[in-house]
Amino acid sequence: MMMIIHSYSLYHLISLKLQNLRGTMMLAETPQPCATFIAHSHDIPLGFVHVRTHNDGISNEISATIPLIAVSPSAQGLGVGKILMNCAEQWAKEHDCRLLHLEVFANNKKANGFYQALGFKPELVTMIKTL
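Structure, rendered in structure tokens:
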């Protein structure tokens, strides 16, 4: 499968009129550097990753975070996610970030395994109780 990765500026993405309100909020205009990489094959979208810098609350250093990543169900298991994560990691290195951060639900075993295979390690656990 031939895959093409494009990098888009925030302005270009907003001009695409994203419909997902939560995604739009995560992609809201920010003074921090950011980028979105979109993978597609023959004009069929396969997935995307959004990466931006942020100030790490513990070390107080500038690091990179991935607030959004998605791969089409039909493209999962084909290496699309790994390629997108490599793009985000390379972007973070180019912006002198020592750390790359992301959040994933504890019960999402597939995603947790994927991220751990890429070298991510759990650092903080959020505890929730249903009332």
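Per my numbering, the sequence shown starts with residue 21, numbered consecutively.
All C-beta atoms, glycine included, are put in the ideal place defined by N, C-alpha and C.
Please read these numbers as outputs of a predicted model, since none were measured by experiment.
**Message:** Only counting the same chain, and skipping five residues up and downstream in sequence, which positions put a Cβ closer than 6 Å to that of L138?
**Reply:** The residues are M105.
**Request:** On a CA-only basis, which of A112, A90, S79 and Q52 is nearest P65? Give me that one, please.
**Result:** A90
**Prompt:** How big is the Cα-Cα spacing for L41 and G67?
**Reply:** Bear in mind that a pLDDT of 35 at L41, under 50, signals an unreliable position, so the number given afterwards is only what the model happens to contain. For L41 and G67, the distance between alpha carbons rounds to 18 Å.
**Prompt:** Closest to V124 by CA distance: which of K141, D76 and W111 is it?
**Reply:** K141
**Prompt:** Rounded to the nearest angstrom, how far is the Cβ of E81 from that of R118, given a contact under 8 Å?
**Reply:** 7 Å
**Prompt:** Taking C-alpha atoms, which residue in D76, K149, I103 and H115 lies nearest to A122?
**Reply:** Per the sequence presented here, residue 122 reads as Leu, with Ala not at that position. Ranking D76, K149, I103 and H115 by Cα distance to L122 puts D76 first.
**C-alpha gap between A59 and P87, whole angstroms** = 17 Å
**Prompt:** Hey, how far is the Cα of E114 from the Cα of L151?
**Reply:** In this structure, the CA atom of E114 is about 45 Å from the CA atom of L151.
**Prompt:** Out of curiosity, what's the CA-to-CA distance linking A108 and I148?
**Reply:** 30 Å
**Prompt:** Any idea if V145 is buried or exposed, counting beta-carbon neighbours within 10 angstroms, 16 or more meaning buried?
**Reply:** By the neighbour-count definition (other C-beta atoms within 10 Å, threshold 16), V145 is an exposed residue.
**Message:** Mapping the DSSP letters down to three states, classify G97 as helix, strand or coil.
**Reply:** Three-state result, G97: coil.
**Asked** Going by the CB atoms, is the gap between T73 and A84 shorter than 7 Å?
**Response** By the CB criterion at 7 Å, A84 and T73 fall inside the cutoff.
**Nearest candidate by alpha-carbon position, reference P53, set N128, A126, A112 and A131** = A112
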